[in-house]
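Asker: Sharing a structure here in structure tokens format.
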Amino acid sequence: GHPDNVAPVIYGGIQVGIHNGTRWVTERVPCPAGLQLVMFIPDFIGKTSDARSVLQPTISREDAAYNISRVAFLVHALCVGNLDNLKWGVEDRLHQPQRGGKLYKYLYPMIEAAENAGAACAYLSGAGPTVMAITAGASGDIFAQREKERSDLAVAKAMRQAAKEFGVQGQVVVTNVSNEGARVVKVVPPFSTGGITYRDNI
1 GHPDNVAPVI YGGIQVGIHN GTRWVTERVP CPAGLQLVMF IPDFIGKTSD ARSVLQPTIS
61 REDAAYNISR VAFLVHALCV GNLDNLKWGV EDRLHQPQRG GKLYKYLYPM IEAAENAGAA
121 CAYLSGAGPT VMAITAGASG DIFAQREKER SDLAVAKAMR QAAKEFGVQG QVVVTNVSNE
181 GARVVKVVPP FSTGGITYRD NI
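Each residue of the sequence shown is one higher than the one before, counting from 1 in UniProt numbering.
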């Protein structure tokens, strides 16, 4: 799988990765406190082949420079916790315009609706069809926060309404970034033997 998918699963958190010619190298990007993820997941499954078929085989130098600058801005915004700058960091010219224009007509209206409702930013998740919005709340678990400390409810409602206007059914999932990656929960035979007990008695 792609490192942007595999690395967070293994190591947790927000990860960036490259292949240095010999192996994959990944690093964690800090996650601002209170960051929440609001996902609108359509009821239909997007085909990877369709999502790739609408992309241009070549890109202009201008568009490449545009996206590189946005990625740098995105990583910086996450590192310093400036959620206001996430909106500019997720701007894209390489795949969202093509996929939003041909496959997911609801994409840009939903992005606009989410941001107008208080999201820091919104974008197409991977190749789609899910749309992700980032919101900010108080620190800690969202269930321990008062409604006025959060914006996820208003954003979720706005995203559902935008989808409805395009006849798209789906569900909204609100979650946050997990800093814990893959975790061993059971080992056979167990590591814990004799006078040594490991966590969870595995």
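Every residue, glycine too, gets a C-beta built ideally from N, C-alpha and C.
Which residue wins for smallest C-alpha separation from K87, given the options A144, E62, L78?
Answerer: Closest option to K87, Cα to Cα, is L78.
Asker: Identify which residue in S151, V173, V80, R150 has its Cα closest to the Cα of V131.
Answerer: The candidate whose alpha carbon is nearest that of V131 is V173.
Asker: With DSSP run on the structure shown, which of helix, strand or coil describes C79?
Answerer: It is helical.
Asker: Consult DSSP for L37 and reduce its assignment to one of helix, strand or coil.
Answerer: It is a strand residue.
Asker: Mapping DSSP to helix, strand and coil, what is R99?
Answerer: Of the three classes helix, strand and coil, the one that applies to R99 here is helix, per DSSP.
Asker: Going by the DSSP bridge assignment, what does Y106 pair with across the sheet?
Answerer: Paired residue(s): none; Y106 is not in a bridge.
Asker: Assuming contact is defined by CB atoms lying nearer than 7 Å, are Y198 and A163 in contact in what I supplied?
Answerer: Contact: no.
Asker: Here's a check: name, in chain order, each residue in its chain whose Cβ is nearer than 8 Å to the Cβ of G100, leaving out the five neighbours to either side.
Answerer: Hits under 8 Å: L107, Y108, L124.
Asker: Taking the beta carbon of I10 as the centre, do at least 16 other beta carbons fall within 10 Å, making it buried, or is it exposed?
Answerer: I10 should be labelled exposed.
Asker: Mind checking which residues open and close the beta strand (DSSP E) that includes Y123?
Answerer: Counting along the chain, the beta strand (DSSP E) containing Y123 begins and ends at 121-124.
Asker: Considering only the beta carbon of each residue, do A113 and A158 sit closer than 7 Å?
Answerer: The answer is yes: Cβ separation under 7 Å.
Asker: Going by DSSP, which residues form a beta bridge with W24?
Answerer: According to DSSP, which records beta bridges pairwise, W24 is partnered with H19.
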